[in-house]
Amino acid sequence: MTDLLDKLNPEQIKAVQATEGPVLILAGAGSGKTKTLTSRVAYLVQTKKATPSEILAVTFTNKAAGEMKQRIMHLLKLKSDKAFHISTFHSLCSRILRADIQHIGRNQNFTILDTDEQTTAVKQAMNDLNVDTQKFAPGAVLNYISSAKSELINAEEYPEMAYGYFQKVVAKVYPRYQEIILANNSLDFDDLLMQTVVLFRNNPDVLKKYQTKFKYIMVDEYQDTNTAQYQLTKLLAEKHKNLFVVGDDWQSIYSWRGANYRNILNFHKDYPKAKTIKLEENYRSTQNLLNSAAAVISANKNRSEKELWTKNGEGEPITIKQVFNEEMEGKYIIQEILQRKSADPKLDFNDFVILYRTNAQSRALEEAFLQQNIPYRIIGGTRFYDRKEIKDVLAFMKVINNPQDDLSLKRIINLPPRGVGEKTWEELVKYATVHNQPTSEILLDVPVGAKAQAELRKLGQVFTEARSGKRVLSKLFDYLLEKTGYLVWLNDKTIEGETRIENVRELKSVIEKYDILDIKIALPLFLEEVSLIQDIDRYDADENAVSLMTLHSAKGLEFDYVFIAGMEENLFPHSRSILDEEELEEERRLCYVGMTRAKKKLYLIYTVQRLIFGTFTPSLPSRFIDDIPEELKVDGNEMSHTTTTIEEVSPALKVKPGDWIEHKHFGPGKVITVDKLEVIAAFQQFGIKRLARNLAPIKKIVAPTSASL
389 MTDLLDKLNP EQIKAVQATE GPVLILAGAG SGKTKTLTSR VAYLVQTKKA TPSEILAVTF
449 TNKAAGEMKQ RIMHLLKLKS DKAFHISTFH SLCSRILRAD IQHIGRNQNF TILDTDEQTT
509 AVKQAMNDLN VDTQKFAPGA VLNYISSAKS ELINAEEYPE MAYGYFQKVV AKVYPRYQEI
569 ILANNSLDFD DLLMQTVVLF RNNPDVLKKY QTKFKYIMVD EYQDTNTAQY QLTKLLAEKH
629 KNLFVVGDDW QSIYSWRGAN YRNILNFHKD YPKAKTIKLE ENYRSTQNLL NSAAAVISAN
689 KNRSEKELWT KNGEGEPITI KQVFNEEMEG KYIIQEILQR KSADPKLDFN DFVILYRTNA
749 QSRALEEAFL QQNIPYRIIG GTRFYDRKEI KDVLAFMKVI NNPQDDLSLK RIINLPPRGV
809 GEKTWEELVK YATVHNQPTS EILLDVPVGA KAQAELRKLG QVFTEARSGK RVLSKLFDYL
869 LEKTGYLVWL NDKTIEGETR IENVRELKSV IEKYDILDIK IALPLFLEEV SLIQDIDRYD
929 ADENAVSLMT LHSAKGLEFD YVFIAGMEEN LFPHSRSILD EEELEEERRL CYVGMTRAKK
989 KLYLIYTVQR LIFGTFTPSL PSRFIDDIPE ELKVDGNEMS HTTTTIEEVS PALKVKPGDW
1049 IEHKHFGPGK VITVDKLEVI AAFQQFGIKR LARNLAPIKK IVAPTSASL
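Residue numbers are given in the working numbering: position 565 of the sequence shown equals residue 953, and the series is strictly consecutive.
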């Protein structure tokens, strides 16, 4: 027992020993909340206040639950965790329903639907009701149904609360969707929570069984609970009132999932006699970092009061860096990383992370890392050029560039849906082969079903017009998106759909710079450069690499050195939150989460202008930077860098025929001809290449000693 408490600070000891009645632990970032929670479980068992089976601990991820189990086993020197009930909310509810769902007239042998299966069920419901799946995106309908379930609003109640045309459509689909999944003896993820609450409310004896079973209940990350999770917890704790919740309203960043940070702020309204214990000693960061983060969050009106402190020392100030654009942003970050590693050889790339508000920002950052051949990995997301929507748009452009590219054509021929299934595709290929033409060139007149034929004729016309060479590359890009309807199809009115659209528009930021070239040069050059990036864009996630991730993905992680990129108004805070005080406060909490990931040093970076969706937009520094007191930050533009620098390629490369150049991927090559826009050079292994003079990664070199070209 003494050993257990010896490893805790005074406030953690208070939390561990507060075993009876409701207890609220306000745990600041890096304050050892998991250590406190798991120590409390061990304390309850050691003091014989409860057996392992009488303790319930719930959290949000399998990873967090697994870590809790391992720590408890270590503290109690156990070889098995089977006696404990430590799991996610969804796993807990699944076990309860497997045992008792028959009490609400359901079969215990139910299937849990994944997202794709849910979407299929929604589409079936919409088709049954003659609701147009092209006009109303099934993903958006499912999103609204999910939100309703998280608020415990069932299919019968929803129509009374539906507001606006779209919600009234959802009100029609929701009951039919429920009928379909019920007929299939299935539950979706939201049903696991909702139906458990229904079970408890309608069956007092079943509820009493679980209330008696769980003498002590603990909830991790309580600020992230939604209405269903909140009600479930409240019902289970009703008998013994031994409810121990741990969380930090300052780190509540998931309102879009239904999380309600007010659950933690209103804990005393439900439990007036609850004890509140604040964990304010931080074990992760320096005091300057904590004071800076606290200054940002203090601008929020709806929050608890805490004062984080640490024994880690004052530490370095926050570096505020202004750069010209997103390309310089990536170069500056890499320069800082290399300089830090040069000064301290013990540092690994793993010690650095770059955080950003939107997935689309990763594109420019990834390209900077690829150009400098520095290993990186994307956490909680997909590499920019590997994202489905990016691959789709590139496939459209590849078909324009190469009419014989059937692999790309097959990918997009039914995007958006045109009634082209596998059978129709086989007919197209067969017809093209018989007539000795590329498949993409026979779409204007192909003998298939009437509906598919009309749609394919439209697509064929788009291809024909796109190949006319009338447009610069960015305008060709716009034309393809408009005429194929792909961007409209992506807009399913969900956050995921919005993110996909942002990514596609970000691709235009890459394309824009090729507009100085003739389209016949620009299109193949762009596709070639992108394909080269894809070829080397493969790093093992376990390799020593710099981490890139969104701020949302960073929750619960920590790194020695943290760079937050894109600290600009309308990007962070995001433009859609500027006029909504609730959303703006969540953006500020998100900033707090990002800042408190840092253990030693934090960089906040903003641009003078940023290429957003193909348009150069002037940038203003984020208001969150202004929240930080001047004495806690330093101007990165006034700091000199005398060690590692990144070699810049001159935008006006001065070469003449006969000179030698070196290309990032092709190696040494001899210049054949030069004009204002391009360099044509011969490479030993890759042959003759046309290169954009001020865009391609080339530099002038002396002739190799073994030159044979």
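For every residue, glycine included, the Cβ atom is placed at its ideal position computed from N, Cα and C.
- Lys1088 sits in a strand when the DSSP states are folded into three classes.
- Around the CB of Lys537, 16 or more other CB atoms lie within 10 Å, so the residue is classed as buried.
- Gly1057: member of the beta strand (DSSP E) spanning Gly1055 to Val1062, first to last residue.
- Per DSSP, Gln997 is not a residue of any alpha helix (DSSP H); the beta strand (DSSP E) it occupies stretches across Gln997 to Ile1000.
- Note on the stretch 965–1016: whole alpha helix (DSSP H) runs with a minimum of 4 residues are 969–983 and 1011–1015, in chain order.
- Nearest in C-alpha terms to Ile500, of all of Leu844, Gln617 and Gln583, is Gln583.
- Membership of Val822 in the alpha helix (DSSP H) is indicated by the continuous run Glu810 to Val822.
- DSSP, read as helix, strand or coil, puts Gly885 in helix.
- Of the candidates Pro660, Tyr744, Ala550 and Glu545, the residue whose Cα lies closest to the Cα of Asn958 is Tyr744.
- Closest in alpha carbon position to Tyr773, among Phe951, Val918 and Tyr991, is Val918.
- Taken through DSSP and simplified to helix, strand or coil, Phe740 comes out as strand.
- Non-local C-beta neighbours of Ser643 in its own chain, meaning closer than 7 Å and more than five positions away in sequence, comprise Glu974, ordered along the chain.
- Leu832 and Glu810 have their C-alpha atoms some 19 Å from each other.
- No Cβ-Cβ contact shorter than 8 Å links Ile541 with Leu990.
- Within its own chain, the residues whose Cβ lies closer than 6 Å to the Cβ of Pro547, once the five positions on either side in sequence are excluded, are Ala559, listed in chain order.
- Of the candidates Lys863, Phe851 and Leu816, the residue whose Cα lies closest to the Cα of Gln841 is Leu816.
- When secondary structure is reduced to three states using DSSP, Val1043 falls in the coil class, being assigned neither helix nor strand.
- The shortest CA-to-CA distance from Thr664 to any of Glu399, Leu803 and Leu905 is the one to Glu399.
- Contact between Val607 and His491 does not hold, since the beta-carbon distance rounds to 25 Å and is not under 8 Å.
- Note that the C-beta distance between Ser862 and Lys896 is below 8 Å.
- Distance from the CA of Pro1006 to the CA of Phe712, rounded to the nearest whole angstrom, comes to 10 Å.
- Listed in chain order, the beta strand (DSSP E) runs fully inside the stretch 450–487 are 473–476, counting runs of at least 3 residues.
- In this structure, the alpha-carbon of Lys719 lies about 39 Å from that of Ile801.
- If you look at Lys560, you'll find it in the alpha helix (DSSP H) that goes Tyr553 to Ala571.
- Ile742 places its beta carbon less than 8 Å from that of Phe951.
- Where Tyr773 is concerned, there is no enclosing beta strand (DSSP E), because DSSP gives it neither an H nor an E.
- By the C-beta criterion, the stretch 558–572 is judged not to be in contact with the stretch 395–412, since fewer than 3 inter-stretch pairs fall below 8 Å.
- In terms of Cβ geometry, Lys839 and Gly807 form a close pair [threshold 8 Å].
- It is roughly 11 Å from the alpha-carbon of Phe524 to the alpha-carbon of Val510.
- The stretch 618–634 and the stretch 669–683 do not touch, with fewer than three beta-carbon pairs separated by less than 8 Å.
- Under the DSSP assignment, Ser935 falls outside any alpha helix (DSSP H), being part of the beta strand (DSSP E) whose first and last residues are Val934 to Thr938.
- According to the DSSP assignment, Gly635 belongs to the beta strand (DSSP E) that extends over Leu631 to Gly635.
- Taking 8 Å as the cut-off, the beta carbon of Ala1069 is found closer than this to the beta carbon of Lys1058.
- The beta carbon of Thr882 lies closer than 7 Å to those of Gly527, Ala528 and Asn531 in the same chain, with the five residues before and after it left out.
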